[in-house]
């Protein structure tokens, strides 16, 4: 039951994780945490783009030849 | 003076009375310094916004010094001292080793803080956070920093002593919890950091008294062993808080304990090398030294952050999935407790730290790219995403758990507390990204007047800079509202808040 001014993690603490988790179960290409794997690829894409843009910016001020 | 224990009905942890008091005292002082630094932040921002240009040059640099010292040193380190007591005595059900010394150390830190605040507000130390030699402050300023650092170092020693006491007295079984392990790495980095601090602030103190000379390049080299490493204490402490918040809010599962611990060890081994990226445009250092430190050693520390950046949200996802939220890719995220300020702080902290702070930081750490980013607004754009939206937001999130569990008070103005992380995160995101954009156009950092009025030369920036700086100011003001709500909510809760209902008090 919600209690005013107290975070839900204290009022209703997360119930203990089941003893046997799904470590041995079959999983898709994203493993046990497919959502996080998608987020990782979004991060990677952002990283590559930002890094590339910075080298491009550098090429404008640091011309070779 | 050992005090007694109480048992927390929520967590089952035995909380030592001295740990309780020390956590409270450090958290309260941290909040006071956050308020001072926050007011200075707004004044600095309203000056950087050329349309307002609020302060005179003298007061701009004074406020910038006050902002830097309060936010990057006092707020963060007082809060981290509270984290160290929590991660050692509370999580290990132990007493605090040497409680008298702990209170003495706290007093020393407060004394150092008061001296530094006085010198800064009195205009005797307009030297900015870095206090680069030959800029000279009054000797009292350096003395204040040294006293603060000695106090902090003693607390770190007490942390390690408490770990030994807990092990000897068998207050826990098996390995120390991951959060305590992470805090221990933060403490080890703190020793490295404070060692650098002593190595540079003591000679600088003597230099300010006219007793010796300090070479400007040597100062920069050693000082950044303190200046950047102190931010690495933040990273290790913040990641520990991420794991803690994940466990508190959704019962996150640690994906692989060994990998998470190994990542913390990578911080200890390599993160101090990251300090070298501050010297990438310094002529005194050779390219081999620069490239080794920033392009090899630093990447191993970055790898550690990437590991944590995966394992923390993955732990949240797995925790949600094993409790039945298995539909699709993101049911675990959609049905997460977004109304819990602890949870929203955790997620925003991870995202902004990684996507904005992490990506920009690693890119600027590349020697060639650094040349177009150095001394522009891109640099504060980066570290506001890491230290403020990352570390400070994570610390804000854990405060919403510390108040009921340690202070045993309900959170006042609960609806405001629930939206506070959203306001702060969105504001800081706009602020950091806009700063980064402005820096891309060449807008300088630490500059009172970007129009260079009355200068003998003419410097023109793209007209887009004015717009972007305006956007930055709007973002900063939104974040300032979020920060103000945090201070009002926490101060009111602690001093005037309602106690936890009987039977549920922690």
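Chains as they are written, first to last, in this note's numbering: chain E, 69 to 133; chain V, 2 to 507.
Ideal placement from N, C-alpha and C gives every residue a C-beta, glycine not left out.
Quick check: what's the CA-CA separation for residue i versus residue j?
i: residue 333/V; j: residue 342/V; result: 17 Å
i: residue 420/V; j: residue 484/V; result: 11 Å
i: residue 244/V; j: residue 263/V; result: 15 Å
i: residue 99/E; j: residue 323/V; result: 14 Å
i: residue 286/V; j: residue 277/V; result: 10 Å
i: residue 2/V; j: residue 163/V; result: Since pLDDT at residue 2/V reaches only 44, below the 50 mark, its modelled position is unreliable, and no value is offered.
i: residue 502/V; j: residue 165/V; result: 36 Å
i: residue 210/V; j: residue 450/V; result: 33 Å
i: residue 128/V; j: residue 62/V; result: 8 Å
i: residue 95/E; j: residue 102/E; result: 9 Å
i: residue 521/V; j: residue 18/V; result: There is simply no residue 521/V to check, as chain V begins at 2 and stops at 507 in what is shown.
i: residue 194/V; j: residue 71/E; result: 42 Å
i: residue 288/V; j: residue 96/V; result: 50 Å
i: residue 411/V; j: residue 79/E; result: 11 Å
i: residue 65/V; j: residue 53/V; result: 17 Å
i: residue 74/V; j: residue 473/V; result: 24 Å
i: residue 42/V; j: residue 345/V; result: 24 Å
i: residue 111/E; j: residue 354/V; result: 12 Å
i: residue 221/V; j: residue 59/V; result: 24 Å
i: residue 254/V; j: residue 402/V; result: 19 Å
i: residue 436/V; j: residue 470/V; result: 7 Å
i: residue 155/V; j: residue 39/V; result: 28 Å
i: residue 292/V; j: residue 404/V; result: 45 Å
i: residue 308/V; j: residue 97/E; result: 19 Å
i: residue 188/V; j: residue 269/V; result: 10 Å
i: residue 32/V; j: residue 77/V; result: 10 Å
i: residue 26/V; j: residue 396/V; result: 16 Å
i: residue 506/V; j: residue 478/V; result: Confidence in residue 506/V is poor, its pLDDT being 47 and thus under 50, which makes the residue's placement unreliable; the coordinate value appears in the next sentence. Approximately 36 Å, taken between the alpha carbons.
i: residue 514/V; j: residue 72/V; result: Coverage of chain V is limited to positions 2 through 507, which leaves residue 514/V absent and any answer about it impossible.
i: residue 388/V; j: residue 235/V; result: 7 Å
i: residue 215/V; j: residue 283/V; result: 17 Å
i: residue 132/V; j: residue 83/E; result: 51 Å
i: residue 83/V; j: residue 23/V; result: 7 Å
i: residue 294/V; j: residue 375/V; result: 17 Å
Taking residue i as the query, report the chain E residues whose CB atoms sit under 8 Å from its CB, ordered along the chain.
i: residue 402/V; result: 75, 77, 78
i: residue 411/V; result: 71, 72, 73, 74
i: residue 333/V; result: 103
Show which residues of chain V have a CB atom less than 9 Å away from the CB atom of residue i.
i: residue 131/E; result: Near residue 131/E there are no residues of chain V at all, since even the closest Cβ is about 13 Å away, more than 9 Å.
i: residue 109/E; result: Ordered by position in chain V, no residue passes the 9 Å Cβ test against residue 109/E, which lies about 11 Å from the chain.
Identify the residues that DSSP records as bridge partners of residue i: which are they?
i: residue 6/V; result: 17/V
i: residue 410/V; result: 500/V
i: residue 377/V; result: 445/V
At a CB-CB cut-off below 9 Å, which residues of chain E make contact with residue i?
i: residue 479/V; result: Neighbours of residue 479/V on chain E: none; closest Cβ ~23 Å, over 9 Å.
i: residue 415/V; result: 72, 73, 74
i: residue 439/V; result: Neighbours of residue 439/V on chain E: none; closest Cβ ~14 Å, over 9 Å.
i: residue 251/V; result: 77, 82
i: residue 324/V; result: 82, 83, 85, 86
So, under 8 Å CB-CB, residue i and residue j are touching, yes? Tell me the CB distance rounded to an integer number of Å.
i: residue 486/V; j: residue 430/V; result: Contact flag wrong, Cβ pair sits at about 17 Å.
i: residue 152/V; j: residue 109/V; result: 3 Å
i: residue 363/V; j: residue 414/V; result: So it is not a contact: roughly 39 Å between Cβ atoms.
i: residue 251/V; j: residue 317/V; result: 6 Å
i: residue 44/V; j: residue 56/V; result: 6 Å
i: residue 88/V; j: residue 184/V; result: 3 Å
i: residue 261/V; j: residue 179/V; result: 6 Å
i: residue 422/V; j: residue 398/V; result: 6 Å
i: residue 361/V; j: residue 386/V; result: 7 Å
i: residue 357/V; j: residue 314/V; result: Contact doesn't hold; Cβ gap of about 16 Å is too wide.
i: residue 224/V; j: residue 190/V; result: Between residue 190/V and residue 224/V the Cβ distance is about 16 Å, and since that is not below 8 Å, they are no contact.
i: residue 145/V; j: residue 111/V; result: Actually they do not touch by this definition, with Cβ atoms about 11 Å apart.
i: residue 20/V; j: residue 91/V; result: 6 Å
i: residue 199/V; j: residue 126/V; result: Between residue 126/V and residue 199/V the Cβ distance is about 19 Å, and since that is not below 8 Å, they are no contact.
i: residue 462/V; j: residue 442/V; result: 6 Å
Can you find a CB in chain A that lies within less than 9 Å of the CB of residue i?
i: residue 488/V; result: Within the model displayed, chain A is absent; protein chains E and V are what it includes.
Taking C-beta pairs closer than 8 Å, name the residues in chain V that residue i reaches, listed in chain order.
i: residue 126/E; result: 369, 370, 372, 373
For residue i, go through chain E and note every residue whose CB falls closer than 7 Å to its CB, in chain order.
i: residue 330/V; result: 102, 103, 106
i: residue 341/V; result: 75, 76, 77
i: residue 319/V; result: 100, 101
i: residue 360/V; result: 114, 115, 118
i: residue 356/V; result: 111, 114
* Asked: Where are the alpha helix (DSSP H) runs, 4 residues long or more, that stay fully inside the stretch 285-324 of chain V, in chain order?
  -> Taking only runs of at least 4 residues, the alpha helix (DSSP H) segments lying wholly in the stretch 285-324 of chain V are 288-293, 299-323.
* Asked: If you scan the stretch 192-277 of chain V from start to end, which runs of the alpha helix (DSSP H) of 4 or more residues do you find wholly inside it?
  -> Taken in chain order, the complete alpha helix (DSSP H) segments of 4 residues or longer contained in the stretch 192-277 of chain V are 217-228, 230-251, 258-271.
* Residue ranges of each alpha helix (DSSP H) run of no fewer than 4 residues wholly in the stretch 345-371 of chain V, ordered along the chain? -> The stretch 345-371 of chain V contains these whole alpha helix (DSSP H) runs: 360-365.
* Scan the stretch 86-139 of chain V and note each continuous alpha helix (DSSP H) run of 4 residues or more that stays entirely inside, going in chain order. => Segments of the alpha helix (DSSP H) lying fully in the stretch 86-139 of chain V: 100-122.
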